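Chemist: Structure provided below as structure tokens; questions to follow.
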Amino acid sequence: MSSFSIGRAPSCDIVVVDPTVSRQHARLSAVGPGRFLFVDTGSTAGSCRREGDDWLPMTEAQLAAGDLIRLGEFETTVGDLLERAKLPSPTRPLRRVERDPLTGRIVVRNR
Numbered sequence: 800m801s802s803f804s805i806g807r808a809p810s811c812d813i814v815v816v817d818p819t820v821s822r823q824h825a826r827l828s829a830v831g832p833g834r835f836l837f838v839d840t841g842s843t844a845g846s847c848r849r850e851g852d853d854w855l856p857m858t859e860a861q862l863a864a865g866d867l868i869r870l871g872e873f874e875t876t877v878g879d880l881l882e883r884a885k886l887p888s889p890t891r892p893l894r895r896v897e898r899d900p901l902t903g904r905i906v907v908r909n910r
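Each residue of the sequence shown is one higher than the one before, starting from 800 at the first, in the numbering used here.
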């Protein structure tokens, strides 16, 4: 199951640069095809989801990629958040940088 931390902190998987978003604002986990579990991790400004014309506060909710949510005052969709995730590019192979134990040289290897 894929799970992503969301917040202002550079260490988060999904970084949102907005002063109303907490450093460690929430967690988003895939729970099935196109379904995600959103959990607010004790953010200061809270989280909401759009239901019709209203914004409803949420601490935990099952969401779809197209659902409109608010982190503090930052509005986005689940899908847009996932596009910000630090994921490897499917067109670029994963690479690892390491020191060759025999020569001591730095080498780049595909994973």
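Note that the Cβ used here is the ideal one computed from N, Cα and C, for glycine as well. Nothing here was measured: the structure is a model prediction, and the numbers come from that model.
Cys-811 bridges to which residues according to DSSP?
Modeler: Taking the sequence shown and counting its residues from 1, the one referred to as residue 811 is at position 12. Answer by DSSP bridge pairing: none, since Cys-811 is not bridged.
Chemist: Use the C-beta contact count for Ser-842: other C-beta atoms within 10 angstroms, 16 or more gives buried, fewer gives exposed.
Modeler: In the sequence shown, the residue the question calls residue 842 occupies position 43. Ser-842 is buried by the Cβ-count criterion.
Chemist: Specify whether the region 827-834 and the region 843-850 touch according to this definition: at least 3 beta carbon pairs, one from each stretch, less than 8 Å apart.
Modeler: Output reads no: the region 843-850 does not touch the region 827-834.
Chemist: Could you check which residue in Ala-808, Arg-826, Asp-812 and Leu-827 has the C-alpha nearest to that of Pro-818?
Modeler: Here the question's residue 818 lines up with position 19 in the sequence shown. The option with the nearest alpha carbon to Pro-818 is Ala-808.
Chemist: If we ignore side chains and look at the alpha-carbon of each, how far apart do Ala-864 and His-824 end up?
Modeler: Within the sequence shown, numbered from 1, the residue matching residue 864 stands at position 65. Within the sequence shown, numbered from 1, the residue matching residue 824 stands at position 25. Rounded to the nearest angstrom, the two C-alpha atoms are 18 Å apart.
Chemist: In three-state DSSP terms, what is Gly-833?
Modeler: In the sequence shown, the residue the question calls residue 833 occupies position 34. It is coil, neither helix nor strand.
Chemist: Suppose you measure from the CA of Val-820 to the CA of Asp-852; what does that come to, to the nearest Å?
Modeler: Looking up residue 820 in the sequence shown gives position 21. Looking up residue 852 in the sequence shown gives position 53. C-alpha separation (whole angstroms): 22 Å.
Chemist: Run through the DSSP bridge pairs and tell me what Thr-875 is partnered with.
Modeler: Numbered from 1 along the sequence shown, position 76 holds the residue referred to as residue 875. Note: Thr-875 sits in a beta bridge opposite Ile-868.
Chemist: Leaving out five residues on either side along the sequence, give the residues of the same chain with a beta carbon under 8 Å from the beta carbon of Ser-888.
Modeler: Counting from 1 along the sequence shown, the entry for residue 888 is found at position 89. Confidence in Ser-888 is poor, its pLDDT being 43 and thus under 50, which makes the residue's placement too unreliable to answer from.
Chemist: According to DSSP, simplified to helix, strand and coil, what is Leu-862?
Modeler: Residue numbering aside, residue 862 sits at position 63 when the sequence shown is read from its first letter. Strand at Leu-862.
Chemist: With distances taken between CB atoms, is the gap from Arg-826 to Val-816 smaller than 7 Å?
Modeler: Counted from its first residue, the sequence shown places residue 826 at position 27. Counted from its first residue, the sequence shown places residue 816 at position 17. For Arg-826 and Val-816, no; Cβs fall outside 7 Å.
Chemist: Straight-line CA distance for Asp-866 to Arg-849?
Modeler: Position 67 of the sequence shown, counting from 1, holds the residue named residue 866. Position 50 of the sequence shown, counting from 1, holds the residue named residue 849. Going from the Cα of Asp-866 to the Cα of Arg-849 covers about 7 Å.
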